[in-house]
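Residue numbers (the working numbering), protein chains in the order written: chain A, 1274 to 1502; chain B, 50 to 454.
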């Protein structure tokens, strides 16, 4: 069976005209559907760059990324936007919700971009809010929510478009231990019960301990890839 | 689209003070534009009104050769019959006959070149407002022969006052020099100092003995009820009297039309400056809004918001800001224009300057519907153009880099 993510020999070089800096240097990754993967490594190891390339936010200098058999590294910027909208969910480090929309509206927003009907959007948004345990916060704006609650909304939003996988860049970096644990519980539950594929970059040991597969990066290269049962 | 509009509307109120400032700037720009337009229109209309009421009336009829040198020989034949015909038209307010000549006026201390308006006082008061402009003496009291009405400015130049005698010298039908003594019975002052300095009024019955010798007229002045009838009635007269020269106030004083159009053109430059200032304000504010929200815009792009939608969102934010300010500006402008239309703007401190150009020292602001639309459209175009730069900046963001900021 074809992997959901097939990253082949990814290379990303910054400052090519001066002294080249290899942010990512020959990374190969195969991630199957339903995996719960942590990309770990120290700052500057290339975690976020790899995640951006897998998510179609950045293009590799060399190599390619195939998502369910589709090479996204050769897509135009406009096509990539549409591809991301339909295939990839994102959870960012610092919440990154739309501040002027309520929690429910934030979740609905992605479905709106997908041109889903209003009733469907509302139904799914309420379902997702229930799944992440904040149904009572549906009409609150991000500024009225705690950091943990905001990240739960972000997870719900990432799932709203029914993506093939969710990329989370340091999702617990700004959370206290209780909020981080709760968020990980939700993500694990979604992974276990609904086979949602999660790939998150982190250097938070609490997250690493919960991951089912840990890929360690150093100096832009994969130095270890460990699966846990 | 509705959601984008909702987001844009909420976005603009994230920084209330800044947004209010832009709304105020837009409102102020429109207010200033309307007020200035009203002022310029008021000045122009005032000048035209003065010219029509005191100097030119709406239409004048002459012998085609008369205007070249104002020679007495070029009279209008059957002027009374023409006047009777004109009076029958419902468009007419009043019509008068005149006997006009060029000449010199001399006092014991000075002389001046003048236009001598031989009028029929009973008719003239219905056409011009000269009787209302008398500041000393009376309007042809009829107590003595050879009464004269003189502009105050000319009286100062000649150093004469009411009751003094002056002598006018002119040429008659045979080009002989003739002269007559007149007594100044009244001094008038209009809002046009050059006019006051070069026009005297005498009873036509005291003037024609010095020129044609017979009671003949060389000028018919017509006052219409409404300026809108000008072109139509002028055309009728031209057809009716092809051998005579029929001229509207525009043709009689082309410099007046030129001055007014020049003033109106300068208004375009003024509006351009206002719009430029407004554009800089909008660009500055919206650019700040974009730069502050770089990460948020990157996130929206990452989620799948197209560049077109990002562009549209910034565009909507600008438009909503402008559309919020526009009604306030229009309302404030309309109220200001109305107030100063009723009460007038007093410019008595610069009275001499304004009067030396023939303008009134009281300006009554006036804005027509077209002016409102022109200013509103100008503001909207400015807003649209100003939104392009920040919107372009937003769509050029790289989502991966923007999210990290």
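C-beta: ideal position from N, C-alpha, C; glycine also. On a predicted model such as this, the values are computed, not experimentally measured, just so you know.
Which residues of chain B have a Cβ atom closer than 8 Å to the Cβ of residue 1278 of chain A, listed in chain order? Indexing the first chain from 1 puts residue 1278 of chain A at position 5. Per Cβ cutoff of 8 Å: no residues; residue 1278 of chain A is ~17 Å from chain B at best.
State the start and end residues of the unbroken alpha helix (DSSP H) segment that holds residue 114 of chain B. Here residue 114 of chain B is taken as the residue at index 65 of the second chain, counted from 1. Unbroken run through residue 114 of chain B: none, as it is neither H nor E.
Scan the segment 342-354 of chain B for residues whose Cβ lies nearer than 8 Å to a Cβ of chain A and list them as they occur along the chain. Per Cβ criterion, the list reads 344, 345, 348, 349, 350, 351, 352, 353, 354.
Counting contacts by CB-CB distance shorter than 8 Å, is residue 60 of chain B in contact with chain A? Position 11 of the second chain, counted from the start, is the residue given in the question as residue 60 of chain B. Interface residue, yes.
Determine the extent of the alpha helix (DSSP H) in which residue 182 of chain B is found, giving its start and end residues. Position 133 of the second chain holds residue 182 of chain B. Secondary structure note for residue 182 of chain B: it is in no alpha helix (DSSP H), with a DSSP letter that is neither H nor E.
Three-state secondary structure (DSSP) at residue 189 of chain B? For the purposes of this step, residue 189 of chain B is identified with residue 140 of the second chain, where counting begins at 1. Residue 189 of chain B: coil per DSSP, three-state reduction.
Output the distance between the C-alpha atoms of residue 257 of chain B and residue 227 of chain B, rounded to the nearest integer angstrom. As a first step, residue 257 of chain B is located in the second chain; it is residue number 208 there, counting from the start. As a first step, residue 227 of chain B is located in the second chain; it is residue number 178 there, counting from the start. Annotation: residue 257 of chain B to residue 227 of chain B spans about 11 Å, alpha carbon to alpha carbon.
If we count Cβ pairs, one from each stretch, closer than 8 Å, do we get three or more for the segment 137-148 of chain B versus the segment 166-174 of chain B? Touching, yes, given that three or more Cβ pairs across the two stretches are closer than 8 Å.
With distances taken Cα to Cα, identify the nearest neighbour of residue 1360 of chain A among A:1319, A:1330, A:1336, A:1312. Within the first chain, numbered from 1, the residue matching residue 1360 of chain A stands at position 87. Distance check between residue 1360 of chain A and each of A:1319, A:1330, A:1336, A:1312 places A:1330 closest, using alpha-carbon atoms only.
Please return the same chain residues whose Cβ sits closer than 7 Å to the Cβ of residue 348 of chain B, not counting the five positions on each side in sequence. Within the second chain, residue 348 of chain B is the residue found at index 299, counting from 1. Taken in chain order, the residues that qualify are 452.
Going by DSSP in three states, residue 110 of chain B sits in which element: helix, strand or coil? Residue mapping note: residue 110 of chain B aligns to position 61 of the second chain, counting from 1. Looking at residue 110 of chain B - three-state DSSP - the assignment turns out to be strand.
For a test of the three-state rule: what should DSSP assign to residue 1458 of chain A, helix, strand or coil? By 1-based counting over the first chain, the position of residue 1458 of chain A is 185. Three-state result, residue 1458 of chain A: helix.
Taking its Cβ as the centre, do 16 or more other Cβ atoms sit within 10 Å of residue 11 of chain B, making it buried, or is it exposed? Outside the displayed range of chain B (50 to 454) lies residue 11 of chain B, so it cannot be described from this structure.
Hey, quick one: how far does the beta strand (DSSP E) through residue 1500 of chain A stretch, first residue to last? Residue mapping note: residue 1500 of chain A aligns to position 227 of the first chain, counting from 1. 1494-1500 is the extent of the beta strand (DSSP E) around residue 1500 of chain A.
Counting along the chain, where does the alpha helix (DSSP H) carrying residue 244 of chain B start and finish? On the second chain, position 195 is the one that residue 244 of chain B refers to. If you look at residue 244 of chain B, you'll find it in the alpha helix (DSSP H) that goes 242-247.
What does the alpha-carbon distance come out to for the pair residue 1321 of chain A and residue 375 of chain B? Taking the first residue of the first chain as position 1, residue 1321 of chain A is located at position 48. Taking the first residue of the second chain as position 1, residue 375 of chain B is located at position 326. Residue 1321 of chain A and residue 375 of chain B: Cα-Cα distance of roughly 46 Å.
Going straight from the alpha carbon of residue 1387 of chain A to that of residue 1434 of chain A, what length do you get? Position 114 of the first chain holds residue 1387 of chain A. Position 161 of the first chain holds residue 1434 of chain A. A straight-line Cα-Cα distance of about 8 Å links residue 1387 of chain A and residue 1434 of chain A.
Please tell me whether residue 67 of chain B has its Cβ less than 8 Å away from any Cβ of chain A. On the second chain, position 18 is the one that residue 67 of chain B refers to. Chain A contact via Cβ: absent.
By the three-class DSSP mapping on this structure, what secondary structure does residue 1328 of chain A have? Mapped onto the first chain, residue 1328 of chain A falls at position 55. Three-state DSSP puts residue 1328 of chain A in coil, outside helix and strand.
Please state whether DSSP places residue 1491 of chain A in a helix, a strand or coil. Numbered from 1 along the first chain, position 218 holds the residue referred to as residue 1491 of chain A. Residue state for residue 1491 of chain A is assigned as strand, using DSSP reduced to three classes.
Please tell me whether residue 1370 of chain A and residue 1439 of chain A are closer than 8 Å, where the distance is taken between their beta carbons. Residue numbering aside, residue 1370 of chain A sits at position 97 when the first chain is read from its first letter. Residue numbering aside, residue 1439 of chain A sits at position 166 when the first chain is read from its first letter. Not closer than 8 Å, so no.
Determine the direct distance from the alpha carbon of residue 124 of chain B to that of residue 292 of chain B, and round the result to whole angstroms. Walking along the second chain from the start, residue 292 of chain B turns up at place 243. Walking along the second chain from the start, residue 124 of chain B turns up at place 75. Each residue's alpha carbon lies about 12 Å from the other.
How about residue 1510 of chain A: is its C-beta nearer than 8 Å to some C-beta of chain B? Past the edges of chain A, shown from 1274 to 1502, lies residue 1510 of chain A, and the structure says nothing about it.
Secondary structure at residue 134 of chain B, three-state DSSP: helix, strand or coil? Within the second chain, the letter at position 85 stands for residue 134 of chain B. In this structure, residue 134 of chain B counts as helix in the three-state DSSP scheme.
Which whole-angstrom value describes the C-beta separation of residue 215 of chain B and residue 140 of chain B, a residue pair presumed to lie in contact below a C-beta threshold of 8 Å? Residue mapping note: residue 215 of chain B aligns to position 166 of the second chain, counting from 1. Residue mapping note: residue 140 of chain B aligns to position 91 of the second chain, counting from 1. With 8 Å as the limit, residue 215 of chain B and residue 140 of chain B do not qualify as a contact, their Cβ atoms being about 39 Å apart.
According to DSSP, simplified to helix, strand and coil, what is residue 233 of chain B? Translated into positions along the second chain, residue 233 of chain B becomes position 184. DSSP, reduced to helix, strand and coil, places residue 233 of chain B within a strand of the structure shown.
Limits of the unbroken beta strand (DSSP E) element including residue 297 of chain B: As a position in the second chain, residue 297 of chain B is number 248, starting the count at 1. In the DSSP assignment, residue 297 of chain B falls within the unbroken beta strand (DSSP E) covering 294-297.
For residue 1497 of chain A, which option in A:1452, A:1285, A:1311, A:1470 has the closest C-alpha, if you only look at C-alpha atoms? Taking the first residue of the first chain as 1, we reach residue 1497 of chain A at position 224. Taking the Cα of residue 1497 of chain A as reference, the smallest distance to any Cα among A:1452, A:1285, A:1311, A:1470 is reached at A:1311.
Any 3 or more C-beta pairs closer than 8 Å across the segment 407-414 of chain B and the segment 83-99 of chain B: Yes, since at least three Cβ pairs between the segment 407-414 of chain B and the segment 83-99 of chain B fall closer than 8 Å, the two stretches touch.
Closer than 8 Å to chain D by CB, residue 449 of chain B: No chain D appears in this structure, whose protein chains are A and B.
Counting only runs that start and end within the segment 389-434 of chain B, where is the beta strand (DSSP E) found for 3 or more residues in a row? Entirely contained in the segment 389-434 of chain B, not one beta strand (DSSP E) run reaches 3 residues.
Would you check if there are 3 or more beta carbon pairs closer than 8 Å linking the segment 318-337 of chain B to the segment 427-437 of chain B? Under the 8 Å Cβ criterion, the segment 318-337 of chain B counts as touching the segment 427-437 of chain B, having at least three qualifying pairs.
Beta-carbon proximity list for residue 1276 of chain A, same chain, < 7 Å, skipping 5 on both sides: On the first chain, residue 1276 of chain A is found 3 positions in, with the first residue counted as 1. 1303, 1304, 1305, listed in sequence order.
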